[in-house]
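Peer 1: Dropping a structure here in structure tokens format, bear with me for questions.
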Amino acid sequence: MFSVTVRDHVMVAHSLRGEVFGPAQRLHGATYVVDATFRAAQLDDDGLVVDIAAATVALAAVLADLAHRNLDDDPTLGDVNTTTERLAQVVADRLADRVAGGEVGADVGHLTGLAVTLHESHVAWASYERAP
Numbered sequence: 010m011f012s013v014t015v016r017d018h019v020m021v022a023h024s025l026r027g028e029v030f031g032p033a034q035r036l037h038g039a040t041y042v043v044d045a046t047f048r049a050a051q052l053d054d055d056g057l058v059v060d061i062a063a064a065t066v067a068l069a070a071v072l073a074d075l076a077h078r079n080l081d082d083d084p085t086l087g088d089v090n091t092t093t094e095r096l097a098q099v100v101a102d103r104l105a106d107r108v109a110g111g112e113v114g115a116d117v118g119h120l121t122g123l124a125v126t127l128h129e130s131h132v133a134w135a136s137y138e139r140a141p
């Protein structure tokens, strides 16, 4: 299995619903280091999983829609409790839409997986993996 990972970061504000979250129920900021990993069982005709530069731009575009915003006010997130796990899914789903739109290369039929990891800190992170 081959993989290519690109990395960026995003700063957001949000609050989490539910007593289990303690003080995180209040509005607070979070800065995530975000890894997007593209997987393929075989390389394309050019010897690539994806174009790294294009994947970097696509990830940056997804994160730009979330950056420096209060996610509680984002109508596209509706009633989503924006836990790290759920945000990993949101980023992966939005990135998959860009993959399908040809933003990481025209030939992506060989891709077998897309995983997004949000690092809350150097000791804690959450991931979501899906088909590209």
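Sequential numbering from 10 applies to the sequence shown in the numbering used here.
By construction, the Cβ of each residue, glycine as well, lies at the ideal position given by its N, Cα and C atoms.
Taking 8 Å as the limit between beta carbons, can you name the residues of its chain near Gly111, skipping five residues before and five after?
Peer 2: For Gly111, where only same-chain residues beyond five positions count, the Cβ hits under 8 Å are Val117.
Peer 1: For Ala50 and Arg35, what's the separation of their Cα atoms in angstroms?
Peer 2: Between Ala50 and Arg35, the C-alpha separation is close to 44 Å.
Peer 1: Between the alpha carbons of Thr93 and Gly56, how many angstroms are there, rounded?
Peer 2: So the two alpha carbons sit approximately 34 Å from each other.
Peer 1: What does the alpha-carbon distance come out to for the pair Ser130 and His37?
Peer 2: One C-alpha to the other measures close to 15 Å.
Peer 1: Let me know the secondary structure DSSP gives Asp106 once reduced to three states.
Peer 2: Helix.
Peer 1: Using a threshold of 7 Å, state whether the C-beta atoms of Val58 and Val13 are closer than that.
Peer 2: Closer than 7 Å, so yes.
Peer 1: On the premise that Ala109 lies in contact with Arg139, defined as a C-beta separation below 8 Å, what is that separation, rounded to the nearest angstrom?
Peer 2: Not really, about 12 Å apart at Cβ, beyond 8 Å.
Peer 1: Starting from the C-beta of Thr40, find all residues in its chain whose C-beta is less than 6 Å away, skip the five residues before and the five after it, and write them out in chain order.
Peer 2: Correct list, in chain order: Met20.
Peer 1: Under 8 Å Cβ to Cβ from Leu86, same chain only, skipping five residues before and after it: list those, please.
Peer 2: Result list for Leu86: Leu80 and Val99, in chain order.
Peer 1: Cα-Cα, which of Leu123, Phe11, Pro32 and His119 is closest to Asp102?
Peer 2: The option with the nearest alpha carbon to Asp102 is Leu123.
Peer 1: Can you give me the Cβ contacts of Gly27 inside the same chain, cut-off strictly under 8 Å, excluding the 5 residues immediately before and after it?
Peer 2: Answer for Gly27: Gln34 and Asn90, listed in chain order.
Peer 1: So, using beta-carbon positions, are Ala194 and Leu127 closer together than 7 Å?
Peer 2: Because the chain is modelled from 10 through 141, residue 194 falls outside the range shown and cannot be assessed.
Peer 1: Just reading off the beta strand (DSSP E) that Leu127 is part of, what are its end residues?
Peer 2: Per DSSP, Leu127 belongs to the beta strand (DSSP E) from Leu120 to His128.
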